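Accompanying notes for the structure given below.
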Amino acid sequence: MCGIVGLFLKNAELQSQLGVHLESMLIPMSDRGPDSAGIAVYGPADTDKLKLTVQSGAAETEFPELQRAIQTRFSQAVDLKIIETHAVLQIDKAATEAVGEMIHREFPGLRIMSRGESVEIFKEVGPPAEVARRFNIAQMSGTHGIGHTRMATESAVTTRGAHPFSTGPDQCLVHNGSLSNHNNLRRELQRQGVDFETENDTEVAAAYLSYHIDCGLALGEALEGALNDLDGFYTFVVSTRTGFGVLRDPIACKPAVLAETEDYVAFGSEYRALVALPGIEKARVWEPEPATVYFWEH
Amino acid sequence: MALFDLQERSLRELNAELHRQAALLQQGADADTEWEVTNPRGSHAVAVGIDGALTVNVRGSVGYYCGGMNQSGQIHVEGSVGPGVGENMMSGSIRVTGDASQYAGATGRGGQLVIEGNASSRCGISIKGIDIVVRGDVGHMSAFMAQSGNLVVLGNAGDALGDSIYEAKLFVRGEVQSLGADCVKKEMREQHLKHLTGLLERAQISDVRAEEFTRYGSARQLYHFDVDHADAY
Amino acid sequence: MSSTNPSTTPRKSAKFDDYTLSEIRRAAATGLYDIRGAGAKRKVPGLDDLLFLGASMSRYPLEGYREKCGTGVVLGSRFAQKPLELKIPITIAGMSFGSLSGNAKEALGRGATLAGTSTTTGDGGMTPEERGHSQLLVYQYLPSRYGMNPDDLRKADAIEIVVGQGAKPGGGGMLLGQKISPRVAEMRTLPEGIDQRSACRHPDWTGPDDLAIKILELREITDWQKPIYIKVGGARPYYDTALAVKAGADVVVLDGMEGGTAATQEVFIEHVGQPTLACIRPAVDALQELGMHRKVQLILSGGIRNGADVAKALALGADAVSIGTAALVAIGDNDPRWEAEYQALGSTAGAYDDWHEGNDPAGISTQDPERAARLDPVAAGRRLANYLKVMTLEAQTIARACGKSHVHHLEPEDLVALSVESAAMARVPLAGTDWVPGRGDQ
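Heads up: the protein sequence lines correspond to chains A, B and C, in order. For the first sequence, the working numbering assigns the number 153 to the initial residue and increments by one for each residue that follows. For the second sequence, the working numbering assigns the number 6 to the initial residue and increments by one for each residue that follows. For the third sequence, the working numbering assigns the number 60 to the initial residue and increments by one for each residue that follows.
See below:
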């Protein structure tokens, strides 16, 4: 059970403020989710490069080592930015495979949080306000982002268990609710070759969508499929390289509020998440219908 | 008029103060009966458990359960309300100028709840005597298991209106997307027109007429278990 | 074959036993699932499988009388301004007026008050009689919200938010038309004589994140005076307890499958929810991991019958226990004196569980005035008080024998188990061994 937020900017002038607004949306959701927090930010992209966000449980030793390894072998091709327990690698696309192999072989303890042209994911255990401060979310900029505050239900409170989950390039998912058939679904997806890192129901939902996108479905179609195949109570906020979507299950008990102005589309589990947004008093505010896909794209 | 700024002072202080004033009123002592609450900024549980003829004007939008278990209070919200506004209200009134989120008026036993905007899903769920009037639309599963009271909707109703309804009365002026289990359209007779006119008057709504509404209520087929109706469960 | 050839002895099937055969026939005849009261009746691992070690060379017992063994417990110390102070660690569980007669509720109130403990309302709201007779009254807050109102909320000593109960985790209340008398109908805002349909989810919140906000509302309405309990059935005790704590509960009430109900489907009672014994350690784990053991109190219910059960529940980490079925038996339920009537109803004393029909000869689970009059609330209250006192004395005897000056000082290490299942569930060694089954890391 949790709080989820999302912000999709229509007005490019607000991009430098993306982090400020996401933080203002995340913090009021701390009561719903005191255990951990995470955000996905879609920042500037370089089409020749791929970004990888990695997390380390031993950042103080592991990141300097990672830095040295990259320096010696890939200094031209890889840019490394360290933020607390996370590091963002920007890799020349030509070097991606080699870098991936190096990490897999020599740094098996590193967790890959996200991969994509634009997205960066930061998530950690701890109260949301603290997580926001540690990653300096307020300084981040980008075109859109989603965030999550977590109250763990049936799985452990760990970094891995925190949302957003990313199971495909530039794809992220946050979830408020509780699925009821995720174990069987996980096994089916595993049989199709999908790997899982946690026992978390949200990871199953994310992997389900990524798998179907990989098979050729558009995000909207994959979400429609989810309505049939996923069982339980859920409000999902999904993001891709260029877009942002919201889906509620047919029973729609978990809360969801959308607000739209000329400048943005915003989502929050509670209206409280939206009160600090510019122009919110004049925004169109509504609750998404059950079993209906809502999607915005740049 | 007593002022309370929720940005400066706490929710606990607000509700404690409102309870104190209601108690003074009950004892026949001097009480602050008119209140203006500013900067609620989506706070939950604003003006809950009022137990006396206080008037509370909330300037701004609130979170969950505004006016919960209201008894005799008159609450006016200039803004929108989160889930469960007026839940289990006993008497008095609540008026919301904006929209209401899910479960508006849930399990309400008396009094009047007026939503000038739209209400969301499960409006009037499990009501036990309250009168709810919504100028806009109501969402899916509204009046679910509604036992008694009235739900009046000037706009449209979503899916499964009145699912498993008992004896509450539903009046809808717009379209009903679908009816729930055991909920059927009913004849609008003279007594119902009069009843609805009264409800609209008490809600201070004068730009529509009772004749424009359709009445819905229980078919009473689920009052005793019959295996042939098992599909309805 | 000729009659001189031997044949085998007629053999009944363990799978298709007499009970099962009769149930299949009944379902075929009526087209309706079987509804009954009480808790799970089949044998499951339970507290009887555990034994206390007692004093010996290394542990010394307490003498009776002078060397006191305390039994008091405080419930709701986390947030409430007025926690409940009980003389004994046994409370009376939630049972509705409607499922029970007014006389039965009065008897429970009288008995609990004599013994210095609390009773709990049920799915029909609070009656003036119960509030009058019960010195400490816990007010249940259920999905149906029948009779719910702020005046009663303020009159209560504590509030118990019911998420579920052991007999039917995931199910709602059930009361059939026979028991929807005029008074019951009025209290529940239902037409008389119809079958009550009940919600299984709360109408205005779903999930612990929303529950935290609901608890805030209830505290604000009652000015933070009263402890808030959360009651769950035996589903996922570890996560359920953790989430109850995170949602802001003062007390967690955990009810295993042996816990009774007034009426629900037989399949629910016997096949959904875990045995009480299986629920305790995971719940205590959750409390300990959150640093909340003894700060958020744990009340255990579901088949608690005697002082040994009380002592064992406390030893495994509970702060108190709650009794439902046992309390009804104490005041006269299923008493052999009504055998002729049980037989006429197709049952026998000790097996009668058609409480939903409202024909209870003992006058307990009925709304029929003639039958209800058979129960004298004053005498029955006295019986309940006697029974509670015996349970308390039994628990004290055991605790003293284990060297404890308070029943809360009982620990898991005071116990061993007689079977592999009970050893694994209680996480105590199998008697005569060092082995605690199921702990892969040991």
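Even glycine gets a Cβ: it sits at the ideal position worked out from N, Cα and C. Quantities reported herein were computed from a predicted structural model and do not represent experimental measurements.
* Measure the beta-carbon distance from C:Gly236 to B:His229 and round it to whole angstroms, keeping in mind my assumption that it falls under 8 Å. => Indeed, because the Cβ distance is near 6 Å, the residues count as touching under 8 Å.
* CB C:Ile339 to CB C:Ala485, shorter than 9 Å? -> Closer than 9 Å, so yes.
* Under 8 Å by Cβ, that's how I've got C:Leu106 and C:Lys371 pegged, so tell me the actual separation to the nearest angstrom. => 5 Å
* Sort C:Asp269, C:Gly183, C:Ala389, C:Ala271 by Cα distance to C:Pro514 and report the nearest one. => This structure cannot speak to residue 514 of chain C, because chain C is shown only from 60 to 501.
* Contacting positions in the segment 120-134 of chain B - beta carbon closer than 7 Å to chain A -> Ser125, Ser126
* **Environment of C:Tyr124 [buried if 16+ CB atoms lie within 10 Å]** => Taking all protein chains shown into account, C:Tyr124 has fewer than 16 neighbouring C-beta atoms within 10 Å of its C-beta and is therefore exposed.
* Asked: Is C:Ser177 buried or exposed, if buried means 16 or more other CB atoms sit within 10 Å of its CB?
  -> buried
* Cβ of A:Phe385 within 9 Å of any chain C Cβ -> The beta carbon of A:Phe385 falls within 9 Å of a beta carbon belonging to chain C, placing the residue at that interface.
* Using the beta-carbon count (16 or more within 10 Å), is C:Val310 buried or exposed? -> buried
* Would you mind sorting C:Leu375 into buried or exposed? The rule is 16 or more other CB atoms within 10 Å of its CB. => buried
* To do: Can you grab the Cα-Cα spacing for the pair C:Gln501 / B:Gln76, in whole Å?
  => At C:Gln501, the pLDDT of 47 sits below 50, so the modelled position is not reliable; the number obtained from the coordinates is stated separately. Distance between the alpha carbons of C:Gln501 and B:Gln76 is about 59 Å.
* To do: Pick out whichever of C:Ile328, C:Asp282, C:Ile287, C:Glu144 has its Cα sitting closest to the Cα of C:Gly293.
  => C:Ile328
* To do: Using a threshold of 9 Å, state whether the C-beta atoms of B:Lys191 and B:Arg220 are closer than that.
  => yes
* In terms of DSSP beta bridges, what is A:Lys434 paired with? -> In DSSP, A:Lys434 forms no bridge with anything.
* Asked: Who are the neighbours of A:Tyr423 on chain B, taking C-beta pairs under 7 Å?
  -> Among the residues of chain B, those whose CB is under 7 Å from the CB of A:Tyr423 are Gly47, Ser66, Gly68, Ser85, Gly87, following chain order.
* **Contained beta strand (DSSP E) runs [length at least 3] in the segment 174-233 of chain A, N- to C-terminal order** => 188-194, 201-207
* Where do the ends of the alpha helix (DSSP H) carrying C:Met484 lie? -> 479-485
* Note down the Cα distance separating B:Tyr69 from A:Cys154, rounded to an integer number of angstroms. => 16 Å
* **Nearest neighbour of A:Ile234, chosen from A:Thr205, A:Pro280, A:Ser176 [CA to CA]** => A:Thr205
* Contacts of C:Asp254 in chain E (Cβ-Cβ under 9 Å) -> Absent from the structure: chain E. Protein chains present are A, B and C.
* Rounded distance between the beta-carbons of A:Ala284 and A:Ala189, thought under 8 Å -> 7 Å between Cβ atoms; contact.
* Asked: Which chain C residues sit within Cβ distance under 9 Å of A:Ser182?
  -> Within 9 Å of the CB of A:Ser182, no CB atom of chain C is found; the nearest one sits about 11 Å away.
* To do: Could you pull the start and end residues of the beta strand (DSSP E) that B:Val158 belongs to?
  => Start and end: 153-158.
* **Assumed close pair A:Gly420, A:Val157 - CB separation to whole angstroms, cut-off 8 Å** => 5 Å
* Asked: Residues of chain B with a CB under 7 Å from the CB of A:Val427: which are they?
  -> Residues of chain B passing the Cβ test: Arg46, Gly47.
* Using 8 Å as the Cβ pair cut-off and three pairs as the minimum, do the segment 36-50 of chain B and the segment 61-68 of chain B touch? -> yes
* **Rounded straight-line distance, which links the Cα of C:Ala483 to that of C:Pro496** => 5 Å
* Asked: Apart from the five residues on each side of it in sequence, which residues of its chain come closer than 8 Å, Cβ to Cβ, to A:Val230?
  -> Ile222, Leu241, Gln242, Ile243, Asp244, Ala247, Val251
* Residue nearest to C:Leu196 in terms of C-alpha spacing, selected from C:Thr179, C:Pro65, C:Ala174, C:Asn445 -> C:Thr179
* To do: Using beta-carbon positions only, say whether A:Gly294 and A:Val193 come within less than 9 Å of one another.
  => yes
* **contact_flag[the segment 207-216 of chain C, the segment 374-393 of chain C] where n(CB pairs < 8 Å) is 3 or more** => no
* To do: Determine the direct distance from the alpha carbon of C:Ala73 to that of C:Thr63, and round the result to whole angstroms.
  => 29 Å
* C-alpha distance - C:Tyr298 paired with C:Ala399, whole-angstrom precision -> Going by C-alpha positions, C:Tyr298 is about 47 Å away from C:Ala399.
* To do: Leaving aside the five residues before and after C:Glu245 along the sequence, list all residues of the same chain whose C-beta is less than 8 Å from its C-beta, in chain order.
  => So the list is empty, once near-sequence residues are dropped.
* Roughly how many whole angstroms lie between the Cα atoms of C:Val132 and C:Ser360? -> 16 Å
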